[in-house]
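Inspection log for the structure reproduced underneath, given as structure tokens.
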Amino acid sequence: MKIAVSGKGGVGKTTFVAALAKVFTECGKRVIAIDADPVSNLAATLGVKNVTEIIPISQMKDLIKERTGATSEEYGKFFQLNPTVSDLPDKFSLEQDGIKLMVLGAVKRGGGGCACPESAFLRTLLSHLILQRDEVVIVDMEAGVEHLGRATVRAVNALIIIVEPGSKSIQTAFQVKKLADDIGLKSIYAVGNKVASKEHKVLIEKGLNGVPVLGFISYSDRILESDIDGRAAFAENKQLLSEVEQIKDKLEDCIKGS
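For what it's worth, the UniProt record's numbering labels the leading residue of the sequence shown as 1, then goes sequentially.
This is the structure:
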């Protein structure tokens, strides 16, 4: 299963990605979690120590030059549009609680924007992860679908938009949906996060108007506490894992029925 997760900054998508990866792992699945957000927080959310020592793939200039033949500093130089990347997931991933993690860093306009070696390299790597790997792949994206080129869209089983109670978050969800529609991604769902009341659920469901809601994640101070303590977001948080497991089950049912 290949899952992309998007949403407005601060809505809790990285927490959801970490918990979803944990739930799939506990079900016996092999999981690769991909941090494709320029603000890379997934490692810390998974409870990885010494996160400042992690170098995003996008910053590995020597590797990018070796594989593409150039870097963005070499303006006008020809470079490989489809570099070899199949060995990289095993070389440059780290493991935490049975979850493989790759930190890509910024991916620039995957659908057809920045024509630079770094962008081509990262697009090819993400495409390989989605198209060729047989693990569950969960991609933590920024608020958009720029990471997903048209070639990879067919292999994405679901785009999940994380939404919190509030008009700005709901508005962002519709913007993400429109971008996804534009590149032909049809399996679009939402998850309500930071929900503290029945009214919050109603607000999200009514506001999304037609976007299927897979479920809700309750507001919890434990997530903030885990961040302060440097623990995984799901550590000692059975409620979070239980709610995300229900969402996973609903997602699998939706995909089977589509």
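Each residue gets a CB set at the ideal place from its N, CA and C atoms; glycine is no exception. As the structure is a prediction and not an experimental result, all values here were calculated from the model.
Per the DSSP secondary-structure output, residue 92 pairs with nothing in a beta bridge. As DSSP reads the structure, residue 218 sits in a beta bridge with 195. Under the three-pair Cβ rule at 8 Å, the stretch 51-71 does not count as touching the stretch 169-177. Nearest to residue 89 by alpha-carbon distance, out of 79, 38, 34 and 97, is 34. Closest in alpha carbon position to residue 190, among 163, 183 and 184, is 163.
For residue 56, same chain residues with a beta-carbon under 7 Å away, outside a window of 5 residues either side, are 40, 103, 104 and 105 in chain order. With a cut-off of 8 Å on Cβ pairs, the stretch 195-205 is not in contact with the stretch 221-236, counting fewer than three such pairs. Selection 96, 124 and 14 evaluated against residue 81 yields 124 as nearest (Cα-Cα).
For residue 99, the uninterrupted beta strand (DSSP E) run begins and ends at 99-103, by DSSP. With a 10 Å radius around the Cβ and a threshold of 16 neighbouring Cβ atoms, residue 27 comes out exposed. Residue 5 and residue 160 do touch by the CB rule: their CB atoms are close to 5 Å apart, below 8 Å. Boundaries of the alpha helix (DSSP H) harbouring residue 181: 167-182, taken from the DSSP string. No Cβ-Cβ contact shorter than 8 Å links residue 96 with residue 137. A check of alpha carbon separations from residue 63 across 29, 118 and 140 identifies 118 as the nearest. For residue 35, the three-state secondary structure derived from DSSP is strand.
Take residue 143, set aside five residues on each side of it, and the residues of its chain with a beta-carbon closer than 7 Å to its own are 6, 7, 8, 9, 172 and 176, in chain order. By the 16-neighbour rule on beta-carbons within 10 angstroms, residue 188 is buried. Per DSSP, residue 158 lies in no alpha helix (DSSP H) segment; the continuous beta strand (DSSP E) that holds it begins and ends at 158-163.
DSSP links residue 4 through a beta bridge to 139 and 159.
By the 16-neighbour rule on beta-carbons within 10 angstroms, residue 17 is buried. Apart from sequence neighbours up to five positions away, the residues of its chain that approach residue 59 with a beta-carbon distance below 8 Å are 105, ordered along the chain.
When the beta-carbon positions are compared, residue 24 and residue 186 stay at least 8 Å from each other.
Around the C-beta of residue 94, fewer than 16 other C-beta atoms lie within 10 Å, and the residue is accordingly described as exposed. For residue 190, the three-state secondary structure derived from DSSP is strand. Ranked by Cα distance from residue 44, the options 61, 29 and 14 are led by 14.
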